[in-house]
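Student: Before I ask anything, let me first share the structure, which is written out below as structure tokens.
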Amino acid sequence: MSEARFEPVFLHRQHFVAEITCLDEIIDFLDDWPQDKRGLAYDTLLKACRDTAKGHFPLSAARENFRRFLKMSGMLDNGPKFERMGDRNVGNA
444 MSEARFEPVF
454 LHRQHFVAEI
464 TCLDEIIDFL
474 DDWPQDKRGL
484 AYDTLLKACR
494 DTAKGHFPLS
504 AARENFRRFL
514 KMSGMLDNGP
524 KFERMGDRNV
534 GNA
């Protein structure tokens, strides 16, 4: 499998947001995907990931296909949200 890392993809997992950063993590996620929810999109993504692991498909394309799969499934998250504090003091300091 590929150890290459990519820009994180964030997804909703029950009560927290998970971060996927490599092909192995995508494949682990797909292995845990419920049997009754697997279909053409799942099969296509899994094949793309296997082809990527063999060096026959670009990692960036597998990442983008995974992001689209999450979006279609309603699990895609935009990532951490940080509020800019600017010049505000914390704790009245």
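Residue 444 is where the sequence shown starts when you use our numbering, and the numbers rise one by one after that. Yeah, the Cβ is synthetic: ideal placement off N, Cα and C, and Gly gets one too.
1. Return the residue from the list 500, 488, 501, 516 that minimises the CA-CA distance to residue 469.
2. Within the continuous beta strand (DSSP E) that includes residue 461, where are the two ends?
3. At which residue ranges does the segment 467 to 519 contain complete alpha helix (DSSP H) runs of 4 or more residues, listed in the order of the chain?
4. Considering only the alpha carbon of each residue, which of 447, 512, 456, 460 lies closest to residue 523?
5. Would you give the residue range spanned by the beta strand (DSSP E) that residue 451 belongs to?
6. With the cut-off set at 9 Å, would you say residue 521 and residue 453 are in Cβ contact?
Tutor: Taking the coordinates as given:
1. On the sequence shown, position 26 is the one that residue 469 refers to. The shortest C-alpha separation from residue 469 is found at 488.
2. Translated into the one-based positions of the sequence shown, residue 461 becomes position 18. Note, residue 461: beta strand (DSSP E), 459 to 465.
3. 483 to 496, 502 to 516
4. In the sequence shown, counting from the first residue as 1, residue 523 sits at position 80. It is 460.
5. As a working mapping, residue 451 is identified with position 8 in the sequence shown. That run of the beta strand (DSSP E) goes 448 to 456.
6. The residue labelled residue 521 in the question sits at position 78 within the sequence shown. The residue labelled residue 453 in the question sits at position 10 within the sequence shown. Against a cut-off of 9 Å, the Cβ pair of residue 453 and residue 521 comes out as a contact.
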